[in-house]
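Below is one structure; the comments refer to it alone.
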Amino acid sequence: MRKADWKKAFVLFRNGLALCFTWLVILIMLSGFFTGAVAIKLTSLLGAFFISFVGVICFIVFFSDAFIRDKSFIFRLNFALIVFIPAEIFGFYLGGFFEGKGALSYWLIFAGIVLFFYSVCIIIDKTLCKKKGEEYTFQLMKYQEERKNDSTGECK
Amino acid sequence: MKVYITENNAVTETTVEITCKEATSEVERLERHITDFDSKLKGKSDGETMYVNARDVLYFESVDNRTFMYTKDNVLEAERKLYELEDTLNKKDFFRCSKSVIVNVNAIKALKPEITRNILATLETGEVVTISRRYVKAFKELIGGEA
Numbered sequence: 000m001r002k003a004d005w006k007k008a009f010v011l012f013r014n015g016l017a018l019c020f021t022w023l024v025i026l027i028m029l030s031g032f033f034t035g036a037v038a039i040k041l042t043s044l045l046g047a048f049f050i051s052f053v054g055v056i057c058f059i060v061f062f063s064d065a066f067i068r069d070k071s072f073i074f075r076l077n078f079a080l081i082v083f084i085p086a087e088i089f090g091f092y093l094g095g096f097f098e099g100k101g102a103l104s105y106w107l108i109f110a111g112i113v114l115f116f117y118s119v120c121i122i123i124d125k126t127l128c129k130k131k132g133e134e135y136t137f138q139l140m141k142y143q144e145e146r147k148n149d150s151t152g153e154c155k
Numbered sequence: 000m001k002v003y004i005t006e007n008n009a010v011t012e013t014t015v016e017i018t019c020k021e022a023t024s025e026v027e028r029l030e031r032h033i034t035d036f037d038s039k040l041k042g043k044s045d046g047e048t049m050y051v052n053a054r055d056v057l058y059f060e061s062v063d064n065r066t067f068m069y070t071k072d073n074v075l076e077a078e079r080k081l082y083e084l085e086d087t088l089n090k091k092d093f094f095r096c097s098k099s100v101i102v103n104v105n106a107i108k109a110l111k112p113e114i115t116r117n118i119l120a121t122l123e124t125g126e127v128v129t130i131s132r133r134y135v136k137a138f139k140e141l142i143g144g145e146a
């Protein structure tokens, strides 16, 4: 990897970690506010930090071109989830969100959230693909027109 | 523009020389036109040798070490390998879109990116050719879009 790629990766890591951790802390504070908790547990913050840390690393490794090139979105998404889900579960245990075996309903909610976001990612990507298809076709038509003018002798 | 034909018995190969004040785009077009005049490709169909104009070929495909040329209504086996054709063909009109295919850019009717990052190119005949993701960046550069 080139020096510029490393720099870009570190900038992404710094910004991503700050953004994710801040939002998770805000969510922990909000949940504390609604459940009537008077303080935030250190373990919750540690769990949130761990999840943010692994999540950002997964994002940089799997979704930027710094480490993986020429791979499809599905490939990147699948591998990011394979790495991130166990780390997320560990982070939930570390933060005290999950305890012991946990209730089936918790696990189902967790699986539901993962599947929901997975589907959302695919729908967004499909929509973007469609839009890009229109752009590429338009660009191609323009190019073909230019080539036609070139070979028929029309002046531009 | 003046056109002269000079006959000379000592000449073994016909040569066309353009004499101009400056190589303008018009002169370059003329040069291309003269070059294209002889750029017919030799192919075989049902044992019969045929010549096709490069611009009539929709795409070239290499299958089991044999190269095929697909026109609107014919499939011919080319005598040259895909890499040889790639060197010969005009790079503005023909694009190597995967390991085994060279597509005529002017024959593409629509483009559709896939979730796998390949691009599906629909040709005039309705046939679909895949632009492999390894070649997508170069293709976007060719048609002038973002890379």
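Those protein sequence lines, which keep their order, are chains A and B. Counting with numbering that gives the first Met the number 0, you get residues 0 to 155 for the letters of the first sequence. Counting with numbering that gives the first Met the number 0, you get residues 0 to 146 for the letters of the second sequence. Even glycine gets a Cβ: it sits at the ideal position worked out from N, Cα and C. In this text the structure is predicted, and so the values were computed from the model without any measurement.
Three or more Cβ pairs drawn from the stretch 90-110 of chain B and the stretch 130-144 of chain B lie within less than 8 Å of each other, which places the two stretches in contact. Counting only runs of 4 or more residues that sit fully inside the stretch 53-107 of chain A, the alpha helix (DSSP H) segments are 72-93, in chain order. The stretch 63-83 of chain A and the stretch 6-24 of chain A touch, with no fewer than 3 CB-CB distances between them shorter than 8 Å.
Ranking B:Phe138, B:Ala77, B:Ile101, B:Val10 by CA distance to the CA of B:Gly46 puts B:Ala77 first. Taking a Cβ-Cβ threshold of 7 Å, none of the residues of chain A is close to B:Asn52; the smallest such distance is about 12 Å. Contact annotation: in the stretch 13-24 of chain B, no residue has its CB less than 7 Å from a CB in chain A.
Between A:Glu98 and A:Tyr92, the alpha-carbon positions lie close to 6 Å from each other.
When secondary structure is reduced to three states using DSSP, B:Ser61 falls in the strand class. With a 10 Å radius around the Cβ and a threshold of 16 neighbouring Cβ atoms, A:Ala47 comes out buried. For B:Val128, the three-state secondary structure derived from DSSP is strand. Here DSSP, grouped into helix, strand and coil, assigns B:Arg95 to strand.
With contacts defined as CB atoms closer than 9 Å, B:Asn103 and B:Arg54 qualify as a contacting pair.
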